[in-house]
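Undergrad: Each residue of the sequence shown is one higher than the one before, counting from 78 in the working numbering.
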Amino acid sequence: MINPPVCRFVALFSAAMMIHAQALDLSSNFDASAESWRTNGGSATLTWQATGGTTAGFLQGVGTGSMWQFVSPISWSGDWSAYRTLKFDLAIPSRHYADNDSAGMVVIVGANSNTMNWTGATPLWTWTHYDVSLDPASFGVDQATFDGIMANVAEVRILAEFNATANETVGLDNVLLTATPVTIHGADLVERFTNAVTVPGNASLNGWTRVDDVDLFANATDGRPLYSLYCDDWQDGRTFSIASPLDWAGDWRGFTEIRFDLKWTSSGSIAGENLLRIFGANGQQLVWSTTLVKGAWQRIVIPLTPEAFGVDAATFHDVMAFVSKISIRGEYDNGNDQLWLDNITVATAPETPRILGSSLVSRFGAGNEGWNAFDAATLGWDAAGGFSGGAITCTDAGSGTARFSSPDTWSGNWSSFSRLRFMLRTRSGKATLIPIVSIVGFNGTLTTSPPLPYDSWSPYTLDLTPAAFGVTQQQFDEVMGNVAHLTIVGDLVNGTDTTALDDVSLTADTTPGAPPDRFAQFDADIEGWRKGGINGTTWGILAAAPEYRNDGNPGGCIAANDDTGLTYWLSPESWAGDWRGNESISFDLKILSGTSLLVPDNMLSIISVHGILQQTVPQAPSLNIWNHYEFALTPAAFGVTQQVFDTIMQDVVMVGIRSEWINGAEKEALDNVRLSKAPEAYWLWLSNYLDATELGDESLAGKLADYDGDAQNNYAEFLSLTDPINPLSRFSALGRKVGSTFEVEYSSKAGRVYQIWKSATLANDWERVGPQMPGDNTFKVYSHPIAEPAEFFRVEVDLP
78 MINPPVCRFV ALFSAAMMIH AQALDLSSNF DASAESWRTN GGSATLTWQA TGGTTAGFLQ
138 GVGTGSMWQF VSPISWSGDW SAYRTLKFDL AIPSRHYADN DSAGMVVIVG ANSNTMNWTG
198 ATPLWTWTHY DVSLDPASFG VDQATFDGIM ANVAEVRILA EFNATANETV GLDNVLLTAT
258 PVTIHGADLV ERFTNAVTVP GNASLNGWTR VDDVDLFANA TDGRPLYSLY CDDWQDGRTF
318 SIASPLDWAG DWRGFTEIRF DLKWTSSGSI AGENLLRIFG ANGQQLVWST TLVKGAWQRI
378 VIPLTPEAFG VDAATFHDVM AFVSKISIRG EYDNGNDQLW LDNITVATAP ETPRILGSSL
438 VSRFGAGNEG WNAFDAATLG WDAAGGFSGG AITCTDAGSG TARFSSPDTW SGNWSSFSRL
498 RFMLRTRSGK ATLIPIVSIV GFNGTLTTSP PLPYDSWSPY TLDLTPAAFG VTQQQFDEVM
558 GNVAHLTIVG DLVNGTDTTA LDDVSLTADT TPGAPPDRFA QFDADIEGWR KGGINGTTWG
618 ILAAAPEYRN DGNPGGCIAA NDDTGLTYWL SPESWAGDWR GNESISFDLK ILSGTSLLVP
678 DNMLSIISVH GILQQTVPQA PSLNIWNHYE FALTPAAFGV TQQVFDTIMQ DVVMVGIRSE
738 WINGAEKEAL DNVRLSKAPE AYWLWLSNYL DATELGDESL AGKLADYDGD AQNNYAEFLS
798 LTDPINPLSR FSALGRKVGS TFEVEYSSKA GRVYQIWKSA TLANDWERVG PQMPGDNTFK
858 VYSHPIAEPA EFFRVEVDLP
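1. Hey, could you find the ends of the alpha helix (DSSP H) residue 777 is sitting in?
2. Going by the DSSP bridge assignment, what does residue 703 pair with across the sheet?
3. Would you kindly report the start and end of the unbroken beta strand (DSSP E) that includes residue 878?
4. Whole angstroms are fine: how far does the CA of residue 274 sit from the CA of residue 730?
5. Just how far apart, CA to CA, sit residue 612 and residue 596?
6. Can you have a look at residue 376 and say buried or exposed, based on whether 16 or more other CB atoms are within 10 angstroms of its CB?
7. Give, in chain order, every unbroken run of the beta strand (DSSP E) that is at least 3 residues long and sits entirely within the segment 291 to 360.
8. Using 8 Å as the cut-off, can you tell me whether the segment 439 to 451 makes contact with the segment 470 to 487, which would need three or more C-beta pairs spanning the two stretches below that distance?
9. Who are residue 812's beta bridge partners in DSSP?
10. Work out the CA separation of residue 719 and residue 600 for me, nearest whole Å.
11. Pairing CB atoms from the segment 194 to 208 with CB atoms from the segment 140 to 158, are three or more of them under 8 Å?
12. With DSSP run on the structure shown, which of helix, strand or coil describes residue 197?
13. For residue 285 and residue 419, I'd like the C-alpha separation in whole angstroms.
14. Considering just the uninterrupted stretch of the beta strand (DSSP E) at residue 501, what are its terminal residues?
15. Looking at the unbroken beta strand (DSSP E) that takes in residue 47, where does it start and where does it end?
16. So, helix, strand or coil for residue 870, using DSSP?
17. Can you name, in chain order, every residue of its own chain whose Cβ lies under 7 Å from the Cβ of residue 687, other than the five neighbours on each side?
18. Where does residue 624 sit, in a helix, a strand or coil, going by DSSP?
19. Helix, strand or coil, according to DSSP, for residue 239 in the structure here?
20. With contact counted as at least three CB pairs below 8 Å, one residue from each stretch, are the segment 627 to 636 and the segment 740 to 753 in contact?
21. Since residue 791 is in the beta strand (DSSP E), which residue starts that stretch and which ends it?
22. Do you know whose CA, among 537, 530, 524, lies nearest residue 544's CA?
23. Which of helix, strand or coil does DSSP assign to residue 218?
24. Is the beta carbon of residue 533 less than 7 Å from the beta carbon of residue 428?
25. Among the residues of its own chain, which have a CB less than 6 Å from the CB of residue 759, if the five just before and after it don't count?
26. Given this structure, state the Cα-to-Cα distance separating residue 255 from residue 237, to the nearest angstrom.
27. Could you tell me the alpha carbon to alpha carbon distance between residue 656 and residue 509, rounded to whole angstroms?
28. So, with DSSP's three-state summary, where would you put residue 169?
29. Tell me whether the beta-carbon of residue 260 lies closer than 7 Å to the beta-carbon of residue 327.
30. How do the segment 205 to 212 and the segment 394 to 412 stand: do at least 3 beta-carbon pairs fall below 8 Å, yes or no?
31. With DSSP run on the structure shown, which of helix, strand or coil describes residue 386?
32. So, helix, strand or coil for residue 865, using DSSP?
33. With H, G and I counted as helix, E and B as strand and the rest as coil, what does DSSP make of residue 288?
34. Pull up the DSSP beta-bridge partners for residue 539, would you.
35. Have a look at residue 355 and residue 278 and give me their C-alpha separation to the nearest angstrom.
36. List the whole-angstrom C-beta distance separating residue 610 from residue 569, where the pair is believed to meet the contact cut-off of C-beta under 8 Å.
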């Protein structure tokens, strides 16, 4: 009866030990106090600093030249056997040099009075991060000694005295004791300095920190190809370097190369000695040297191998097992050394541009989506001021050439893209400067200058071809194969101005989608319509909105007085876009006041950044009655080529309908504007079947919709004059063998024409047979001699 309780006691004891060994992480961030940390040197003074740490506060100690250390709180003592990593940040704010590059940085003291020491690289003036792997090898002890100390730790001590002769100030921050192992980097470490911002004191940039006498600046225009880190020497005799961010520290054994772009200039002539240093947490360093070219960008690629650094495999392995930081040297003589750095990458494989096969789209519905503004510009995000939702804005400072720039995630191989589309809108008056578009690659730049936008959302479609940029195929391919950024100039008005950008897309598909039908009945308000016109050759939008009236045709309508050279009603901004596929526009117009009619002239204007399409009317509108108009949207109707027509129609800003038809004072009204993929006759026919609400719903009434679900869309039923709301009513033809002939029978309708086609294979070998026949509301029969092999027939119905 004794054994069972003993067994249960052992089980409970083991569980208690597991809980103790898996204790929570211990941390001290020093954001609000010194958190009970101490010093073991009587001559050192500790104070808590509210600012200046890696986040907020830090613990500061001032020594007198004798050895002292930071000591952990008593509450940290206990069983450390489950912990795997000790992390902390150190800095020397007094800017004293350490006596040595490495030292005994950490001492762990056991309750058994045994100690073990970890040697690491001494800190910089700026914050230096340390990750100490808690294992016997890191401390140079055997497993038994390590386990004996870690089972019951009395305290941990972190070195704070690095200069034996000076009174120095040392900072400690972010001490963390964790069960999480040392960081093992698996993904590339990349810094392109995109949208980097110069910080007060010029001490760091995107986490990259200065070492010694240098200021750091964000340079948005002299990088490779855009942004870079610029380093300006103080010229006080010291040798400056640039050190990597704290979060780059960790296990680097999975990386195969370091590469970066560098430009250096100085009064000296030769540079490159000790260009790169890799600092290991074990206190050892790897050093790499080269010769630099003065005043020119160079691509530096350094293999991460023992041979590249002239060390044996064991030394290389020990350093790479935990890298605390790297530094890139920028000063080589007593002159004014200047350094630019860009595209710093610690990589798992040689560089290969990402192949971007899927479309890239930014609609800015929830933010700026990684886009930037640079060259004396400020980026903004307008949550509701876009073409459809949000948009980004670029406000220039009156100097430079403000530009939008695509995010780093868009960089890569653009060879699969064939079309770029975006929308621009000036917000500071009429544009006078060209919105230059550049595809900036690592191997060159493609640039084109599209026309000026309006102070209304203006679509742009650019074909991504060599001809569009005026370059050879080889030059085009070199840039498109490795693109860094797309830039669009946002400085479009002299002086300080703001430009908005929306709906940017890169696609492989150049086939236009079906545009939506648009219908403005003005039953409740002006529906976003505007008033404007043309003075000479300049189109503009007036501040005053059209007048809303209740005497429309029927219901409401909008009206306009003669307010400019030639006054027009202008469509809403929401109607802008690709109009290819639209077939007609119709509307009602009434002259409300005036008696002296002008001569007939242009009535309809399709306005694009690429030009204007116009149609005239043979006579002026009649007075005091509603005049109805329909205009076909075809090249022939506008008297232009298909190419000109497509260029303008794919980027329509607005349609203008002329409202000025009287000499002197006047007022005209507009109602029932319909922009459609179908002719007006289609809508008149469909109104016999659908009510007003249904006619306003394109999913029910649209040309491509199938209201009754009989697999024939509404337009097919319009052509065949079948019932679009009856699934049993659809056009069909019957075929039958009669002797040596094959007969095709179908029901014809007046107002339609019919054509028989035949094919031997149902492929692209269809040919007309027989004449085109007008319908007359009777059954028609076409007879054709039977042939071998078999033939197929179809009946085509069309408008006359």
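Here a beta-carbon is modelled for each residue, glycine too, at the ideal position from N, C-alpha and C.
TA: Looking at the atomic coordinates:
1. Within the sequence shown, residue 777 is the residue found at index 700, counting from 1. Where residue 777 is concerned, the enclosing alpha helix (DSSP H) stretches over 775 to 778.
2. Counted from its first residue, the sequence shown places residue 703 at position 626. Residue 703 pairs with 667.
3. Given a span of 78 to 877 for the chain in the structure shown, any question on residue 878 remains unanswerable.
4. If you number the sequence shown from 1, residue 730 lands on position 653. If you number the sequence shown from 1, residue 274 lands on position 197. Roughly 36 Å separates the two Cα atoms.
5. In the sequence shown, residue 612 corresponds to position 535, counting from 1. In the sequence shown, residue 596 corresponds to position 519, counting from 1. Here the C-alpha atom of residue 612 lies approximately 28 Å from the C-alpha atom of residue 596.
6. Numbered from its first residue, the sequence shown carries residue 376 at position 299. Under this definition residue 376 is an exposed residue.
7. Within the segment 291 to 360, the complete beta strand (DSSP E) runs of at least 3 residues are 291 to 296, 305 to 310, 318 to 320, 334 to 342, 353 to 357.
8. Because the criterion of three Cβ pairs below 8 Å is met, the segment 439 to 451 and the segment 470 to 487 touch.
9. Position 735 of the sequence shown, counted from the first residue, corresponds to residue 812. For residue 812, which the question treats as bridged, DSSP gives the partners 821.
10. Counted from its first residue, the sequence shown places residue 600 at position 523. Counted from its first residue, the sequence shown places residue 719 at position 642. In this structure, the alpha-carbon of residue 600 lies about 37 Å from that of residue 719.
11. The answer is no - the segment 140 to 158 does not touch the segment 194 to 208, with fewer than three Cβ pairs under 8 Å.
12. For this step, residue 197 is matched to residue 120 along the sequence shown. It is a strand residue.
13. Along the sequence shown, read from residue 1 onward, the residue named residue 285 stands at position 208. Along the sequence shown, read from residue 1 onward, the residue named residue 419 stands at position 342. Between residue 285 and residue 419, the C-alpha separation is close to 12 Å.
14. Reading the sequence shown from its first residue, position 424 is the one you call residue 501. Residue range 496 to 503 is occupied by the beta strand (DSSP E) that includes residue 501.
15. It is not possible to answer for residue 47, since the shown part of the chain is limited to 78 through 877.
16. Taking the first residue of the sequence shown as position 1, residue 870 is located at position 793. Correct three-state label for residue 870: strand.
17. To locate residue 687, count along the sequence shown from 1; it is residue 610. The beta carbon of residue 687 lies closer than 7 Å to those of 528, 724, 725, 728 in the same chain, with the five residues before and after it left out.
18. Along the sequence shown, one-based indexing puts residue 624 at 547. Under the three-state reduction of DSSP, residue 624 is assigned to strand.
19. To locate residue 239, count along the sequence shown from 1; it is residue 162. The answer is coil: DSSP assigns residue 239 none of H, G, I, E or B.
20. They touch, by the three-pair rule.
21. Here residue 791 refers to the residue found at position 714 of the sequence shown. Per DSSP, residue 791 lies in no beta strand (DSSP E) segment; the continuous alpha helix (DSSP H) that holds it begins and ends at 791 to 797.
22. Here residue 544 refers to the residue found at position 467 of the sequence shown. Ranking the options by Cα distance to residue 544, first place goes to 524.
23. In the sequence shown, counting from the first residue as 1, residue 218 sits at position 141. The answer is coil: DSSP assigns residue 218 none of H, G, I, E or B.
24. For the purposes of this step, residue 533 is identified with residue 456 of the sequence shown, where counting begins at 1. For the purposes of this step, residue 428 is identified with residue 351 of the sequence shown, where counting begins at 1. Here residue 533 is not near residue 428, since their CB atoms are 7 Å or more apart.
25. Taking the sequence shown and counting its residues from 1, the one referred to as residue 759 is at position 682. Closer than 6 Å at Cβ, skipping near neighbours: 795.
26. Indexing the sequence shown from 1 puts residue 255 at position 178. Indexing the sequence shown from 1 puts residue 237 at position 160. Taking the straight line from one Cα to the other gives about 22 Å.
27. By one-based count along the sequence shown, residue 656 stands at place 579. By one-based count along the sequence shown, residue 509 stands at place 432. Taken atom to atom, the span from the alpha-carbon of residue 656 to that of residue 509 is near 26 Å.
28. Mapped onto the sequence shown, residue 169 falls at position 92. Of the three classes helix, strand and coil, the one that applies to residue 169 here is coil, per DSSP.
29. Here residue 260 is taken as the residue at index 183 of the sequence shown, counted from 1. Here residue 327 is taken as the residue at index 250 of the sequence shown, counted from 1. The Cβ atoms of residue 260 and residue 327 lie closer than 7 Å to each other.
30. The segment 205 to 212 vs the segment 394 to 412: in contact.
31. Indexing the sequence shown from 1 puts residue 386 at position 309. Under the three-state reduction of DSSP output, residue 386 falls in the helix class.
32. Position 788 of the sequence shown, counted from the first residue, corresponds to residue 865. In the structure shown, residue 865 sits in coil (DSSP, three-state: anything other than H, G, I, E or B).
33. Counting from one through the sequence shown, the residue named residue 288 turns up at place 211. DSSP places residue 288 within a strand segment (E or B) once states are collapsed to three.
34. As a working mapping, residue 539 is identified with position 462 in the sequence shown. In the DSSP output, where bridge partners are listed per residue, residue 539 has 497.
35. Here residue 355 refers to the residue found at position 278 when the sequence shown is read from its first residue. Here residue 278 refers to the residue found at position 201 when the sequence shown is read from its first residue. For the pair residue 355 and residue 278, the Cα-to-Cα distance works out to about 26 Å.
36. Working through the sequence shown from its first residue, we reach residue 610 at position 533. Working through the sequence shown from its first residue, we reach residue 569 at position 492. That pair is no contact at about 22 Å.
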